[in-house]
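With the first letter of the sequence shown counted as 1, position 19 gets the number 111 in my numbering; the numbers rise by one all the way through.
Step one of this worksheet: look at the structure below.
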Amino acid sequence: VESSDLKQQCHDLEINSAAELKDRLEKLTSELNDKWSKKFKSDYEKIRRELTQQKDEERSKAIDELQRQKDKLLTAAQNQIDQLEQQLIIFKVDFDAVRKVSGIVTQVDQSDTESHRILWGPTIRRNPVGFLVEESMSDPTVVFPMISDCRNQ
93 VESSDLKQQC HDLEINSAAE LKDRLEKLTS ELNDKWSKKF KSDYEKIRRE
143 LTQQKDEERS KAIDELQRQK DKLLTAAQNQ IDQLEQQLII FKVDFDAVRK
193 VSGIVTQVDQ SDTESHRILW GPTIRRNPVG FLVEESMSDP TVVFPMISDC
243 RNQ
């Protein structure tokens, strides 16, 4: 009887040992799975942060470069505008000077024409070289050149 009891106890012990071993293996497997899951998750988060940081840095560099290019283009455009404004000022000054001279020449021409009309009346004509001569004289003499004729030469 003792031998069969021993066999039974040995059998029960084997079953209990196998069950304990199975429980321990499941527990270790679960712990290892948890440990590696946490490790993978930690590594994933670390890599994700690094990639996000790298992407943000690259985006920032790209934005800075675009800003520099924009500033450069704006500066070039402003320089062109400034040059055009300076040219416009010069053109306005030149135009005003030409208009002023033109007004003076017109006044002189009108005065010159009026003076000739009053002094010489219908007897004044131009000779081929542009000088006025008096036709009533027997020997036409050169009287004086017209200002407009001098200006055209």
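For glycine and all other residues, C-beta sits at the position ideal for the given N, C-alpha and C.
message: With a threshold of 6 Å on Cβ separation, who are the neighbours of Glu-118 within its own chain once the five nearest residues in sequence on each side are excluded?
response: Residues of the same chain with their beta carbon placed closer than 6 Å to that of Glu-118 are lacking, with the five preceding and five following residues left out of the count.
message: Rounded to the nearest angstrom, what separates Lys-153 and Gln-146 at their Cα positions?
response: 10 Å
task: Measure the alpha-carbon distance for Lys-127 versus Thr-121 and round it to whole angstroms.
output: 10 Å
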